[in-house]
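S.K.: The structure follows.
If you want it as structure tokens, here you go:
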């Protein structure tokens, strides 16, 4: 059943995460002509900017929770905004948040609510209520901004727009840039949290069609507080609830006037401490530890660490800094780590895990009811441990004994400890012979048809003589210098950790399977990352037909099983789509598999970033005078989430054939193509049948790898072979 989710154009408006503050402040907005900002530099809070694109009225694509991946219009919307700023003579400087210093229960509670909403949406879809299902999916939550950070940074790099990543929250960093004597930014475009600090105005939205922007004036806000001071304003924000602290439990179910209610409470009891004490005997307060959370949040705001212009990490109010900052922002990492974070060489997820000692595993888009998905998550523990081991190894010994727990949404009372203390030799030591210079691989790289360094890193080792030449222990004279040297050696080390390359730099059995599959690809299809993910999932025994969900597929059981396996492989590829909300059928089964793909790709991305961090911090690369920091980080694969769209298109095509009397005949296949039913069902796709053909070429590459494997390496070889023979009679007519 095709469904449609479209995008309308609305003014770009950024709100904060302080609960109910936007509604309270709406009547206090000031509108000015955009010409006022001509020839200025505007600091943009990246998180809030993304939040209103991906989840804002008019720009949200409601079917993203049902399809996975990123909104189809995301890139064009970002590029449109950048062009509009350029035309207005405004230079944006984006600031991203880094490590999250304090955690609240908000993510967990929201995820439970959205999981229920998505279950309702799927029930509506299965019941044939398309319009209601689209609305329900749209109300069930979408992406978190940090999931799109790297994607946005790539676009900014392409457009030569500057950015930096704050060590922790972005708000204090933005204020530092504005207040600095050199005035790095002239104005701030961000959330209400910026008002925690001494700023006069914050831009809240742009309306390019009217050549205007809106802003909030701090003086006007303070005048409307009824005599409350700045410190009490911060208390009101904390009590309302924001990123660092939950809403005050007594007011958690307060209607839309929550922020005003907090102000009224403060006028009576003068401080948040007084309010908490007033309700101290309430079970909701007594058992919540709220007062401690409030105090930590207040201190984290005041002493938020920033990156200074000379590269130091220090508290925003350095002169008033306390000696126990680790109690509310976590233990301090070496400044070198913050430097790599600030330049976009690495992202924050693994740093978050290590600093906070906890990973919250939230339900996936399909609500996480599948036992197969939960088993898959538990199988990721080793990969996550590898990430933490690589990060902790060059740090102080204390970090190697850090306890990190994983809290699963379905078993919150029983955290699972993640053991990552490195063995002897460490992962770094085991892979430290990878220091190959350009002279070893430059000729082969120039002749390689592969369009990705990942593909080349694997296939070039098929030549054992080339592999032997890559063995090169580090010496002061052979430090890695060029971007390609650093990136390729990072990839080789990661591939050795993942079991595709042995300590002798020769391909293992799985490495030869991967190499064969990659060499079978058409380089023009750019499917190297998809093919690599397929072999990783095959190796983990998660790329197989799902016998528990065969009722999702049409036709006989054997047809269902083959269609299930083939469409799963296809869903690793990309469906080209116009810059508008998705239109087409859905599949909860493929969405479940997409959740596995997403988790695997993000953790592999984390691993490669940590290998890069390990390589740099151990001094294996020349770090003097480099200007390619972001280029190195950008070369790490898996920057963009892939949705289940192409898998659904392949499933739909095969289902249409299966529902005919003679699905394998030339005439039937030609009729399915010429009648245009498939393109009609995917009305906004660029060329769905061409993409289906590309998906089958990906299948061919995976099959080349499967059939090349030695006996007993792949348990489902027979099923793959049977599915391949079944598919050969059902391919589109050339």
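In our numbering, the protein residues as written are 3 to 736.
Just so it is clear, CB atoms sit at the ideal spot from N, CA and C, and this is done for glycine as well.
Start and end of the alpha helix (DSSP H) containing residue 716?
M.R.: Careful: residue 716 lies outside any alpha helix (DSSP H) and carries neither H nor E.
S.K.: Contact between the region 330-346 and the region 312-322: three or more CB pairs below 8 Å?
M.R.: These segments touch.
S.K.: Decide if the region 580-598 is in contact with the region 362-369; the criterion is three or more beta carbon pairs, one per stretch, under 8 Å apart.
M.R.: Yes, since at least three Cβ pairs between the region 580-598 and the region 362-369 fall closer than 8 Å, the two stretches touch.
S.K.: Here's the rule I'm using: 16 or more other beta-carbon atoms within 10 Å means buried, otherwise exposed. How should residue 654 be labelled?
M.R.: It is buried - the Cβ of residue 654 has at least 16 other Cβ atoms within 10 Å.
S.K.: Within the continuous beta strand (DSSP E) that includes residue 45, where are the two ends?
M.R.: 42-47 is the extent of the beta strand (DSSP E) around residue 45.
S.K.: Run the CB neighbour count on residue 35, radius 10 Å, all protein chains shown included, and call it buried at 16 or more, exposed below.
M.R.: Exposed, since its Cβ has fewer than 16 Cβ neighbours within 10 Å.
S.K.: Leaving out the 5 sequence neighbours to the left and right, which residues in its chain are closer than 7 Å to residue 527 when beta-carbon positions are compared?
M.R.: Answer for residue 527: 696, 699, listed in chain order.
S.K.: Per DSSP, which one or two residues make a beta bridge with residue 203?
M.R.: According to DSSP, residue 203 bridges with 219.
S.K.: Going by DSSP, what residues sit across from residue 92 in a beta bridge?
M.R.: DSSP, once it has assigned bridges, lists 42 as partnering residue 92.
S.K.: Report the rounded CA-to-CA distance for residue 492 versus residue 378, giving the unit in angstroms.
M.R.: Spanning the two alpha carbons is a distance of roughly 26 Å.
S.K.: Just to confirm the assignment, what range does the beta strand (DSSP E) spanning residue 317 have?
M.R.: Residues 315-317.
S.K.: Determine the closest residue to residue 471 out of 516, 483, 506, 501, with distance taken between C-alpha atoms.
M.R.: Ranking the options by Cα distance to residue 471, first place goes to 506.
S.K.: Roughly how many angstroms lie between the CA atoms of residue 21 and residue 131, to the nearest whole one?
M.R.: When rounded, the distance between both Cα atoms is 33 Å.
S.K.: Using the beta-carbon count (16 or more within 10 Å), is residue 167 buried or exposed?
M.R.: Buried, since its Cβ has 16 or more Cβ neighbours within 10 Å.
S.K.: Closer than 6 Å by C-beta to residue 563: which residues in its own chain qualify, once you throw out the five before and the five after it? Chain order, please.
M.R.: So the list reads 547, once near-sequence residues are dropped.
S.K.: Excluding the 5 residues preceding and the 5 following residue 381 in the sequence, name in chain order all residues of the same chain whose CB lies nearer than 7 Å to its CB.
M.R.: Same-chain partners within the cutoff: 542.
S.K.: Is the region 182-196 touching the region 205-213 in the sense that three or more CB pairs, one from each, lie closer than 8 Å?
M.R.: They touch, by the three-pair rule.
S.K.: Can you give me the Cβ contacts of residue 53 inside the same chain, cut-off strictly under 7 Å, excluding the 5 residues immediately before and after it?
M.R.: Excluding sequence neighbours, residue 53 sits near 147.
S.K.: Are residue 388 and residue 361 touching if we call contact CB-CB under 8 Å?
M.R.: No. Outside cutoff.
S.K.: Short check: CB of residue 180 to CB of residue 163, under 8 Å?
M.R.: Not a contact, by the Cβ cut-off of 8 Å.
S.K.: Taking the alpha carbon of residue 404 as the reference point, which residue from 416, 421, 415, 666 has its own alpha carbon closest?
M.R.: The shortest C-alpha separation from residue 404 is found at 421.
S.K.: Return helix, strand or coil for residue 351, following the three-state DSSP convention.
M.R.: The answer is helix: DSSP assigns residue 351 an H, G or I state.
S.K.: When we look at the beta-carbon of residue 266 and count the other beta-carbons within 10 Å, is it buried (16 or more) or exposed?
M.R.: Exposed, since its Cβ has fewer than 16 Cβ neighbours within 10 Å.
S.K.: Who are residue 247's beta bridge partners in DSSP?
M.R.: Looking at the DSSP assignment, residue 247 forms a beta bridge with 244.
S.K.: For residue 728, which residues from the same chain have a beta carbon less than 6 Å from its beta carbon, with the 5 sequence-adjacent residues on both sides left out?
M.R.: Contacts found: 564.
S.K.: Please list, in chain order, all residues of the same chain as residue 1 whose beta carbon is under 6 Å from its beta carbon, the five residues on each side excluded.
M.R.: Residue 1 lies beyond the stretch modelled for the chain, which goes from 3 to 736, so this question has no answer here.
S.K.: How many Å lie between residue 433 and residue 719 at the Cα?
M.R.: Straight-line Cα distance between these residues: approximately 31 Å.
S.K.: With distances taken from CA atoms, which of 95, 398, 58, 714 is nearest residue 336?
M.R.: Taking only the C-alpha atoms, the option nearest residue 336 is 398.
S.K.: I'd like the list of long-range same chain contacts for residue 675, defined as Cβ closer than 7 Å, with 5 residues on each side in sequence excluded.
M.R.: Correct list, in chain order: 691, 734, 735.
S.K.: My parser needs the alpha helix (DSSP H) runs of 4 or more residues fully inside the region 273-318; what are they?
M.R.: Here the runs fully enclosed are 274-280, 285-288, 292-304.
S.K.: Less than 8 Å between the C-beta atoms of residue 406 and residue 332, yes or no?
M.R.: No; because the gap between Cβ atoms is not below 8 Å, this pair is not in contact.
S.K.: Relative to the alpha-carbon of residue 115, which residue among 717, 143, 290, 129 has its alpha-carbon at the smallest distance?
M.R.: Out of 717, 143, 290, 129, 143 has the C-alpha closest to the C-alpha of residue 115.
S.K.: Could you give the first and the last residue of the continuous alpha helix (DSSP H) run that contains residue 584?
M.R.: Counting along the chain, residue 584 falls outside any alpha helix (DSSP H), and DSSP gives it neither H nor E.
S.K.: Starting from the C-beta of residue 646, find all residues in its chain whose C-beta is less than 8 Å away, skip the five residues before and the five after it, and write them out in chain order.
M.R.: The residues are 69, 70, 71, 573, 589, 592, 593, 595, 596.
S.K.: Rounded to whole angstroms, what is the Cα-Cα separation between residue 326 and residue 235?
M.R.: For residue 326 and residue 235, the distance between alpha carbons rounds to 25 Å.
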